[in-house]
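Letter by letter, the sequence shown follows residues 33 to 423 in this note's numbering.
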Amino acid sequence: MTENGGNRGIMMTSLGNGGHRNSYGALKEETMAESEENPINAQRQVLLKGAKARLIFALSLCTLIVIAEIIGSILSGSLAIMSDAGHLLTDIVTYIISLTSIWLAKKPPSKNFTYGLLRAEVVGALFSIILSVCLAVVLTYFAALRIAHRDFEIDGKVMLIISVINFLGNIIQIFQLQFGFCCCASLCGEEEEGLLPSGHGHSHGGGHGHSHGSLFGGGSKDNEVNDHMNVRAACLHIIGDSLFGFGLMVGALIIYFKPEYKILDPILTIIFGILVLLTLLGLFRECIHILMAGTPRGLEYDEIKQRLVEIDGVEGVHSLRMWSLTSDVHLICAHLVSARFYDGRPIDAPKILLDARHILETHFGVVHSTIQIETVEDGVEFLCARTTGPK
């Protein structure tokens with residue numbers, strides 16, 4: 033009771049000072065306004081909106097190519113074309129998962145999912161990778177059987193026509209996904225405005241204060257629209273398919289002019305199946321990094337800790353934690369240790385909270401943060417020592 037009462041006395045003194053109250057009130061109003069019209073929030077809305085348009089376009093084009101390849105594979109007898117159709121079928125599933133995860137990401141937090149369903153993006157990307165691995169194993173098995181028995185025939189002309197159509201379609205998809213070209217942007221429409229709610233922050237004073245920023249829109253300040261994880265997953269799929277498509281086109285030319293080299297068909301199936309898996313390795317690592325609550329890419333632990341220590345009245349920082357919900361939504365929590373007085377005046381805990389949040393948001397692009405303030409005399413740091421952070 034003595035400690036809690038003392039803490040309340042400190043806060044009443046801080047807020048009872050007219051100058052402190054005015055500066056705190058002005059800073060709070062400014063911070064609230066910045067959060068409600070935060071450019072990072074707006075950027076994430078545009079990011080998801082653009083990602084949806086690009087994925088819809090890619091899904092439509094990919095479906096048409098798959099239909100053509102399945103027909104072409106049956107007519108030509110080419111396993112390589114069928115394997116490419118299989119890769120594209122995986123891409124179609126990827127697009128559907130990606131679009132579903134974008135839709136789920138719009139859902140607000142609930143009692144069961146207090147952060148919302150933002151991680152559906154990561155789960156969707158990981159599922160797509162697993163599906164690609166399974167498909168590559170199956171196709172490699174059938175290609176090996178063809179190499180062993182060689183009892184197959186290839187129609188080089190049909191194979192060549194289909195491979196050219198496939199390659200051109202993949203090139204269009206790469207440009208559309210990577211650079212945002214989309215002839216169906218109207219599919220997103222204006223109804224997508226406000227895709228994610230602009231969050232607002234609030235602070236709680238007290239000896240052990242907390243400051244909560246906005247979850248939605250929290251992300252690295254350096255993120256660009258084409259960094260959305262599911263768009264990147266789609267790009268990696270299509271790049272792999274384009275490499276396969278180019279090799280398929282070259283192989284089709286050889287088989288067309290030299291039918292005796294039909295063994296190239298299963299060989300290409302194996303080689304480019306491996307290449308597709310290699311292109312997904314980096315994305316797989318990133319998915320695992322996020323799911324394991326690793327430090328977000330682009331955020332330096334020591335730098336953030338140093339910036340927080342430099343806040344007036346802060347004597348130390350501990351229990352600093354950083355993790356990501358998805359590729360562009362990062363979170364931070366930390367305990368700030370302060371004395372009861374700074375420059376002869378009582379510590380202004382609400383101002384420390386707002387200063388900390390302002391630093392995290394403007395310098396590091398992290399909008400969602402939870403900050404706890406402790407005073408040296410409280411002895412709370414002893415309790416926090418039971419869950420030690422990085423040294």
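By construction, the Cβ of each residue, glycine as well, lies at the ideal position given by its N, Cα and C atoms.
| Asked | Found |
| --- | --- |
| Anyone know if the C-beta pair for H395 and R339 falls short of 8 angstroms? | yes |
| Note down the Cα distance separating I128 from L323, rounded to an integer number of angstroms. | 21 angstroms |
| With DSSP run on the structure shown, which of helix, strand or coil describes I364? | strand |
| For L111, name the three-state secondary structure that DSSP assigns. | helix |
| Using three-state DSSP, classify E153 as helix, strand or coil. | helix |
| Exposed or buried, which one is D380 when buried takes at least 16 other CB atoms within 10 Å? | buried |
| Select from V165, I99, S164 and P141 the residue whose C-alpha is nearest the C-alpha of I194. | I99 |
| In angstroms with no decimal places, state the Cα-to-Cα distance between K383 and Y333. | 23 angstroms |
| With 16 as the cutoff for other CB atoms within 10 Å, does F276 come out buried or exposed? | buried |
| Evaluate P291 with the Cβ neighbour count: other Cβ atoms within 10 Å of its Cβ, from every protein chain shown; 16 or more gives buried, anything less gives exposed. | exposed |
| Would you call V398 buried or exposed, if buried means 16 or more other Cβ atoms sit within 10 Å of its Cβ? | buried |
| Comparing C-alpha positions only, which one of Y293, L96 and A168 sits nearest to T311? | A168 |
| By the DSSP assignment, the alpha helix (DSSP H) with R317 in it spans what residues? | L313 to L323 |
| Using 10 angstroms around the beta-carbon of K84, count the other beta-carbons present and answer buried if the total reaches 16, otherwise exposed. | buried |
| Nearest-angstrom Cα distance between I88 and L121? | 15 angstroms |
| Roughly how many whole angstroms lie between the Cα atoms of L163 and R389? | 41 angstroms |
| Report the CB separation of Q205 from A90 in whole angstroms; it is logged as a contact under 8 angstroms. | 5 angstroms |
| For a test of the three-state rule: what should DSSP assign to P378, helix, strand or coil? | strand |
| When you compare each of F304, L386 and D273 to D344 by their alpha carbons, which one comes out closest? | L386 |
| Taking contact to mean at least 3 C-beta pairs separated by less than 8 angstroms, is the segment 294-307 in contact with the segment 168-179? | yes |
| Roughly how many angstroms lie between the CA atoms of I336 and H350, to the nearest whole one? | 12 angstroms |
| Quick one: what does DSSP say L331 is sitting in, helix, strand or coil? | coil |
| Which residues in the same chain have their Cβ closer than 6 angstroms to the Cβ of K143, if we skip the five residues on either side of it in sequence? | none |
| State whether the segment 150-163 contacts the segment 130-139, with contact taken as three or more CB pairs (one from each stretch) at a distance under 8 angstroms. | yes |
| Taking buried to mean at least 16 other C-beta atoms within 10 Å of its own C-beta, is V341 buried or exposed? | exposed |
| On the criterion of 16 or more Cβ atoms from any shown chain inside 10 Å, does G314 qualify as buried, or is it exposed? | exposed |
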